[in-house]
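Novice:
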Amino acid sequence: DARLKIDLVNDQSEKLSTIRGLFHVKTADELGRTPIPLDEVESAVSIVRRFSTGAMSFGSISHEAHSTLALAMNAIGGKSNTGEGGEEPERFRPLPDGRSMRSAIKQVASGRFGVTTEYLVNSAMMQIKVSQGAKPGEGGQLPGHKVDARIAKVRHSTPGVGLISPPPHHDIYSIEDLAQLIFDLKNVNPAADVSVKLVSELGVGTVAAGVAKARADHITIAGYEGGTGASPLTSIKHAGSPWEIGLAETHQILVMNKLRGRIALQVDGGLRTARDIVIGALLGADEFGFATAPLIAAGCIMMRKCHLNTCTVGVATQDPVLRKRFKGQPEHVINFFFFLAEDVREIMAEMGVKNFDELVGRSDWLDKKEAIEHWKAKGLDFARIFHKPEPGTGVAIRNVERQVHPIESVLDRTLIAKAGASLDSGAPVVIESAIRNVDRSTGAMISGEIAKRHGGLGLPDDTITVK
52 DARLKIDLVN DQSEKLSTIR GLFHVKTADE LGRTPIPLDE VESAVSIVRR
102 FSTGAMSFGS ISHEAHSTLA LAMNAIGGKS NTGEGGEEPE RFRPLPDGRS
152 MRSAIKQVAS GRFGVTTEYL VNSAMMQIKV SQGAKPGEGG QLPGHKVDAR
202 IAKVRHSTPG VGLISPPPHH DIYSIEDLAQ LIFDLKNVNP AADVSVKLVS
252 ELGVGTVAAG VAKARADHIT IAGYEGGTGA SPLTSIKHAG SPWEIGLAET
302 HQILVMNKLR GRIALQVDGG LRTARDIVIG ALLGADEFGF ATAPLIAAGC
352 IMMRKCHLNT CTVGVATQDP VLRKRFKGQP EHVINFFFFL AEDVREIMAE
402 MGVKNFDELV GRSDWLDKKE AIEHWKAKGL DFARIFHKPE PGTGVAIRNV
452 ERQVHPIESV LDRTLIAKAG ASLDSGAPVV IESAIRNVDR STGAMISGEI
502 AKRHGGLGLP DDTITVK
């Protein structure tokens, strides 16, 4: 019976392999609520819009796998993530049947591989990857044997040469530096949100508060369970921490500093089940990221040879022969996410919760499983994780408003207005304008406008002259 199998997967307490395996989600009786009929609960169509796929780059996985995830997420209203490898411009245009292979989230990582103006303007979200859950403090690495001519073209690199990203962004050494990059990105694509990816560790809440003040729209907290396909074995075994700890700290500090309402908070790293999603929401997450699970739905068999370019099912390889073996379809991933959402709805109905927003930040609806008898579980105190900060009047505990970005009066808006029809027709124009030291990121917004209209080729030299 499928229901029994789902319950078996959800009940992780026997192995005690996760912190959340020790958690108990309170029942409707314990909450003083009444279970409700399933048809009164928020629809699966609405819930799946909170889902994103993980940042797996084109290069680490094949074109077929990468585009399948994008097609699936675009179909359900979720978001797919390019990862650190750029994306082929051909995917920015809709297919003849109206479907789209464009990844909604464009990642900007420390190596900046594949990051161009055209890449950024073709996004719904631009994500600055500060660190990665499975290997905090380390940069990405794509072995040279996976960098074929196609990958090298997208990443603007040399075929056969391995690509290593530095551990830090060398233009970010303070919150002020991060604020400048957020401002730069927002100028290039004002319509897109800016996300910052952090890892779960002690103190991440303080960093997240700084990120919110730097005017990010979205924060991802990544746990140590993710990213194993492209992480060194030493990091997989010894680095990182569970997302439950970092998520709880981040949510609590954002609420206490009255910053939570302007930030969408996402969690990822080993999410598999509806129970994981509900616990993540109760600890403060608005959105949820998945990588391994949708890849398995698309055909991954967990060979753990992603770095060798020998994936026999065509998921994590650039070998043209092996890529032909890829059998995944967008519908497989779509079905997985809808089954997950339906299971979330069942849990909500049992708890007497109609809308998913009611779950977000209700850490007081969690408790420790008292029935577990294991020497490692004795003496554990989750009070600080389950703590629910008491916000003042009008202080939000979930994302309810938009971040305010100071880009309405930037100089570029004047330049765009003066350029007028030249942006479309390509007729030469000369603009005379004063510029002061408070005019930051000048040229970024007009560059974005040109890329939207003309793609990566842009306009001929000297079409728009500003002096």
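All residue numbers for the sequence shown refer to our numbering, where the first residue is 52 and numbers rise by one. Positions of the beta carbon are idealized from the N, C-alpha and C atoms, including for glycine.
Could you check where the beta strand (DSSP E) with T104 kicks off and where it finishes?
Specialist: Per DSSP, T104 belongs to the beta strand (DSSP E) from F102 to A106.
Novice: Looking at the structure shown, is V446 part of a helix, part of a strand, or coil, going by DSSP?
Specialist: Coil at V446, not helix or strand.
Novice: Should R100 and G129 be called a contact, given that it needs their Cβ atoms to be closer than 8 Å?
Specialist: Yes, the Cβ-Cβ distance between R100 and G129 is below 8 Å.
Novice: Leaving out five residues before and five after P546 in sequence, what residues of the same chain have Cβ atoms less than 6 Å from its Cβ?
Specialist: With the chain covering only 52 through 518, there is no way to say anything about residue 546.
Novice: Indicate the three-state DSSP secondary structure (helix, strand or coil) for F341 in the structure shown.
Specialist: Note: F341 maps to strand in three-state DSSP.
Novice: State the Cα-Cα distance for the pair K186 and V480, rounded to the nearest angstrom.
Specialist: Going by the C-alpha atoms only, they are around 49 Å apart.
Novice: Give the DSSP bridge partners of K157, in chain order.
Specialist: DSSP output for K157 lists M177 as bridge partner(s).
Novice: Going by C-alpha distance, which of C351, D394, K429 and M496 is nearest R376?
Specialist: If we check each option's Cα against that of R376, C351 comes out closest.
Novice: Near V60, what residues of its chain come up, given a Cβ to Cβ distance below 8 Å and the 5 sequence neighbours on each side ignored?
Specialist: Closer than 8 Å at the Cβ level, and outside the excluded window around V60, lie R323 and T324.
Novice: Determine the closest residue to G211 out of Q369, V411, P140 and E252, with distance taken between C-alpha atoms.
Specialist: It is Q369.
Novice: With a Cβ-Cβ cutoff of 8 Å, do L232 and A263 count as a contact?
Specialist: In this structure, A263 does not lie closer than 8 Å to L232 by Cβ.
Novice: Could you tell me how far apart the beta carbons of A302 and G254 are, in whole angstroms, since I believe they sit closer than 8 Å?
Specialist: The sequence as given places His at residue 302; Ala does not occur at that position. The pair is not a contact, with the Cβ atoms about 14 Å apart (cut-off 8 Å).
Novice: Answer yes or no: do V366 and A121 have a C-beta to C-beta separation smaller than 8 Å?
Specialist: No.
Novice: Please report the residue range of the beta strand (DSSP E) in which K130 lies.
Specialist: Note, K130: beta strand (DSSP E), K130 to N132.
Novice: Measuring CA to CA, which of D90, D512 and I179 is closest to A265?
Specialist: Out of D90, D512 and I179, I179 has the C-alpha closest to the C-alpha of A265.
Novice: Starting from K248 and walking both ways along the beta strand (DSSP E), at which residues does that stretch end?
Specialist: Note, K248: beta strand (DSSP E), D244 to V250.
Novice: Residues in the same chain with beta-carbon distance under 8 Å from P86, minus the five sequence neighbours each way, listed in chain order, please.
Specialist: Cβ neighbours of P86 beyond the five flanking positions: A79, A400, E401, M402 and G403.
Novice: Along the alpha helix (DSSP H) that carries A495, what are the first and last residues, could you check?
Specialist: It spans A495 to H505 - the alpha helix (DSSP H) in which A495 sits, taken as one unbroken run.
Novice: Can you give me the start and stop residues for the beta strand (DSSP E) that I523 sits inside?
Specialist: The requested residue 523 is not part of the displayed model; the chain covers only 52 to 518.
Novice: By DSSP's criteria, T271 is part of a beta bridge. Which residues make up the other side?
Specialist: Its beta-bridge partners are K248 and Q317.
Novice: From I226, F407, F109 and I436, pick the residue whose C-alpha is nearest to that of V96; which is it?
Specialist: Comparing Cα-Cα distances from V96 to each of I226, F407, F109 and I436, the minimum goes to F407.
Novice: Where does the unbroken alpha helix (DSSP H) through I87 begin, and where does it stop?
Specialist: It is not in any alpha helix (DSSP H) - I87 carries neither H nor E in the DSSP assignment.
Novice: Between M354 and T363, which are expected to be in contact by the criterion C-beta below 8 Å, what is the C-beta distance as a whole number of angstroms?
Specialist: Between T363 and M354 the Cβ distance is about 7 Å, and since that is below 8 Å, they are a contact.
Novice: Hey, how far is the Cα of A468 from the Cα of L474?
Specialist: Rounded to the nearest angstrom, the two C-alpha atoms are 10 Å apart.
Novice: Around the Cβ of D268, are there at least 16 other Cβ atoms within 10 angstroms (buried) or fewer (exposed)?
Specialist: D268 comes out buried.
Novice: With which residues is H75 paired in a DSSP beta bridge?
Specialist: Answer is D418, bridged to H75.
Novice: I'd like to know whether the C-beta atoms of G190 and G213 end up nearer to each other than 8 Å.
Specialist: Going by C-beta atoms, G190 is not nearer than 8 Å to G213.
Novice: Who are T361's beta bridge partners in DSSP?
Specialist: Per DSSP, none; premise fails for T361.
Novice: Within 10 Å of its beta-carbon, does N450 have 16 or more other beta-carbons around it, so buried, or fewer, so exposed?
Specialist: N450 is buried by the Cβ-count criterion.
Novice: L359 and L410 - do their beta-carbons sit closer together than 8 Å?
Specialist: Their beta carbons are not under 8 Å apart, which means L410 does not touch L359 by this criterion.
Novice: Determine the burial state of I486: buried for a count of at least 16 other Cβ atoms within 10 Å of its Cβ, exposed for fewer.
Specialist: Exposed, since its Cβ has fewer than 16 Cβ neighbours within 10 Å.
Novice: Compare the C-alpha of T514 against each of A495, A470 and L55 and name the closest.
Specialist: Minimum Cα distance to T514 is reached at A470.
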